[in-house]
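Residue numbers (the numbering used here): -13 to 111.
Note that beta-carbon positions come from the ideal geometry of N, C-alpha and C, so glycine has one too.
Being a predicted model, the structure only gives us computed values, none of them experimental.
Data first, discussion second: the structure below is written as structure tokens.
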Ligand code: 5GP
């Protein structure tokens, strides 16, 4: 069920619980700014989710409220994770769903990294 990206942060969302270690994940990378793990229902051979450690509902929330340091840390980590997964030369796709029309289901900002085969058209209708 897509979420309302304008609502306040919900500390009980599934990614908050993964960050607190209450629920396991298949970890790919972690530093002071981000945690990255494999998507539980991958939609490409490589499907990694990158989440900030701070409590941000969506890209909208993060871009409005996060510090310059958090934003730089997040962007650099996404690039590094894709690079270390060997995705730069073959190419890859980043996706951040925001709110209802974006199809966002988990109310903690996450960027999807897709790769591992040709990904086809940008949007499937
Ligand atoms: P959204 O539609 O919000 O952009 O994407 C949410 C993503 O989170 C989906 O691709 C879904 O498969 C993934 N997901 C949901 N619950 C879990 C979970 O408990 N663990 C992991 N690793 N991924 C999850």
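- Per DSSP, residue 22 is one residue of the beta strand (DSSP E) stretching across 20 to 24.
- Nearest to residue 104 by C-alpha distance, out of -13, 30, 49 and 0, is 30.
- By the Cβ test, the segment 47 to 65 is not in contact with the segment -4 to 11, since fewer than three Cβ pairs between them sit closer than 8 Å.
- Nearest to residue 0 by alpha-carbon distance, out of 99, 92 and 107, is 92.
- The straight-line gap separating the alpha-carbon atoms of residue -13 and residue 57 is approximately 27 Å.
- Going by beta carbons, residue 48 and residue 79 fall outside the 8 Å limit.
- Residue 56 carries a helical assignment under DSSP once its states are collapsed to helix, strand and coil.
- Within its own chain, the residues whose Cβ lies closer than 7 Å to the Cβ of residue 90, once the five positions on either side in sequence are excluded, are -12, -11, -9, 44, 83 and 84, listed in chain order.
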